[in-house]
Structure formats: structure tokens, C-alpha cells
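Here full-length UniProt numbering is used: the first residue of the sequence shown is 1, the next is one more, and so on.
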Amino acid sequence: MGDDSSRSWLALGRLLFGLGVALQAAEDFRDMEDAIEYAESAGVPAPDLLAPLASGMMLVGGLGTAFWRLPRVSTGAVATFLAVVTPTMHDFWNAEPDDRGGERLAFFGNLAMFGAAVTFLREAYSGD
């Protein structure tokens, strides 16, 4: 990533990705009761504690990635969240038939975000 044009595109990608993640987390905070209920239905232990904690991690991680502050911590938080939540909360292969399509969409959306998070995590460790 040597030239200024590449760096500008990378910064734009980080900004859009990070803000998207942060805004998604902000939506969870707007309706935390539903987020807790969803986590409980997926078998998450202590959903009253872990759902707000996970949303907070995503909010801070998303903003840190967007504005490239503490990039190893922020991108690592987002990547860790997505690595854990994607297969456990959106296990479409075990979902009821009526829920399968939505869970599959959420799974693949999270998978794409995980790919971006890993890419930005790599950038954070490369020092460029």
C-alpha cells in the first residue's frame, strides 16, 4: 500500500466499515430488550450482561476502526465478536424453516464483515 491513492481508498473502506459496525451496534442499544431476548433464545449464558457488553464492544470497535484509533484493539474486538457470534447466533443450518432464510442472510453478512475485519486487523499489525 505504497501510494497515496491506495491509502486513501483504504482509509475510506475503514471509515465505511467501522461506521457501519458502530451504527449496527447503536441499533442494538436502541432496542436492547430485543437484543437480550434474541441472545437468550440462542442459548447465550447471562444474556442480560453479555448482549450489552457485546454491543458496546462493537460500538467502540467500530468507531476505533473507522477513525483508526487503537487499531489493533478495535479491529481485534470486531473480528473476535464476529468470529464468535456468526456461527453461534446465526446457525441457519439448525434454524427453524421459517427463520432459516433470515439467519442465512445474517450469517453471510457477518462472514463478509469478518473478512473485512481480518483485513483491517492485518493492516493494524503491518504498521503501514
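For glycine and all other residues, C-beta sits at the position ideal for the given N, C-alpha and C.
- Your pair F120 and F107 does not check out as a contact, with CB atoms roughly 20 Å apart and the cut at 8 Å.
- Pairing T65 with L50, the inter-Cα distance amounts to about 22 Å.
- L63 is not a Cβ neighbour of A117, given a cutoff of 8 Å.
- Measuring C-alpha to C-alpha distances from G61 to each of Y38, E96, F17 and A95 identifies F17 as the nearest.
- Apart from sequence neighbours up to five positions away, the residues of its chain that approach Y125 with a beta-carbon distance below 8 Å are R72, ordered along the chain.
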